[in-house]
Amino acid sequence: MRFSEIDLLAELERPEHAVLRELFHARSLPAGALLYSPDSHENLVFVIRSGVVRVFLSCERKEFTLAILGPGDIYATHSGTYVEAMDQPVELLVTPVNEVSRRLVDVPEFTKTMVRVLGQMLSNSFETIRSLAFQSSSERLAQLLLAQSRAERLSHGEANGVEIRLGLTMQQVADAVGASRQTVSTLITEFARKGLLEKRGRGVFFLPDLDGLRCAAGLVEFCPTEK
């Protein structure tokens with residue numbers, strides 16, 4: 001559910017990138033606040049310093065979650081999407097897009113990093129479209145869980161699996177996988193029956209069998225037959 005695995009916060013803190021870091025100023029918002037919308041007039045780029053935000057589309061009272069972003073992730077306000085703080089306050093580092101564009105020429109190493117970030121964002125956007133067009137709700141849910149298990153800033157490992165904190169309501173999970181709330185609830189029950197997850201709290205799941213989840217997500221060509 002993230003657009004990139006590169007930590008821009010860490011990149012900005014590097015001494016050689018000080019000329020870029022000084023362009024950003026802090027902006028704080030409370031939990032649940034709408035940070036930006038398609039109607040926003042500001043043309044900004046922001047890096048998340050703390051908290052978690054949801055990037056989503058909305059039309060006719062329906063929502064579709066595109067990404068869940070955490071510390072170190074970058075996004076822009078002119079993308080035509082909604083961005084909202086989730087269940088905790090959010091602090092951003094914000095600057096106008098034209099300021100970053102003007103200074104990038106002075107920091108070629110950071111420019112290379114940005115090219116990698118944009119490439120990952122484009123790739124993951126196409127993956128989202130492909131998933132909606134060709135995969136089942138079950139596969140999309142499994143991929144959502146796997147994506148969160150890889151996001152180190154939103155999860156922590158255990159001896160025989162990984163615990164993830166989605167930070168989403170059941171309806172938001174349904175929006176993220178393009179299914180109804182009832183369908184997602186049924187799938188989570190089915191995943192639990194198969195030993196693919198354990199529910200530990202609101203939005204908190206333990207994933208004891210990542211290989212099994214990869215099979216459920218359609219990412220493995222040959223999977224063992226369910227007993």
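Per UniProt numbering, the very first residue in the sequence shown carries number 1; after that it's consecutive.
Note that beta-carbon positions come from the ideal geometry of N, C-alpha and C, so glycine has one too.
No experiment lies behind these values; they were computed from the predicted model shown.
Along the chain, where does the alpha helix (DSSP H) containing residue i start, and where does it finish?
i           : result
C215        : 210-216
S40         : Note, S40: premise wrong, no alpha helix (DSSP H); not H, not E.
L187        : 181-193
S58         : Here S58 belongs to no alpha helix (DSSP H); instead the beta strand (DSSP E) covers 53-59.
R200        : Premise fails: R200 lies in the beta strand (DSSP E), 198-201, not in any alpha helix (DSSP H).
L12         : 8-12
L207        : No alpha helix (DSSP H) contains L207, which is instead part of the beta strand (DSSP E) from 204-207.
L168        : Neither: L168 is in no alpha helix (DSSP H) and is coded neither H nor E.
L92         : Unbroken run through L92 is the beta strand (DSSP E), 90-96; no alpha helix (DSSP H).
residue 235 : Nothing about residue 235 can be reported from this structure: the residues present for the chain run from 1 to 227 only.
I'd like to check one pair, residue j with residue i: are the Cβ atoms closer than 8 Å?
i    : j    : result
L104 : F110 : yes
H25  : V90  : no
G167 : I68  : yes
R61  : M86  : no
L219 : L207 : no
A217 : L146 : yes
D175 : E16  : no
R88  : A31  : Checking the sequence, you will find Gln at residue 88 rather than Arg. In contact: Q88 and A31 (Cβ atoms closer than 8 Å).
P38  : T65  : no
Kindly give me the distance between the Cβ atoms of residue i and residue j, rounded to whole angstroms, as I take these residues to be in contact under 8 Å.
i    : j    : result
V204 : R165 : 5 Å
G70  : V83  : Contact flag wrong, Cβ pair sits at about 13 Å.
S149 : L187 : In fact, because the Cβ distance is near 17 Å, the residues do not count as touching under 8 Å.
Just to confirm my understanding: we take residue i, look at its own chain, exclude 5 residues before and 5 after, and list those with CB closer than 6 Å. What are they?
i    : result
V100 : V45
K227 : Since pLDDT at K227 reaches only 49, below the 50 mark, its modelled position is unreliable, and the value read off the structure follows with that caveat. So the list is empty, once near-sequence residues are dropped.
V173 : V184
S79  : none
N43  : H78, V97
A76  : V45
R200 : F206
Y36  : T77, V83
Take residue i and list the residues in its own chain whose beta-carbon comes closer than 8 Å to its own, dropping the five residues that flank it on each side.
i    : result
L9   : V47, I48, R49, P71, G72, L93
L12  : L20, R21, F24, V47, L93
L210 : L146, S149, G161, V162
A33  : E84, A85, V90
Looking at the secondary structure, which residues open and close the beta strand (DSSP E) in which residue i lies?
i    : result
E163 : 161-165
L66  : 62-69
E84  : 82-85
Tell me which residues share the same chain as residue i and place their Cβ nearer than 7 Å to its Cβ, disregarding the 5 neighbours each side in the sequence.
i    : result
L213 : A142, L145, L146, L196, L207
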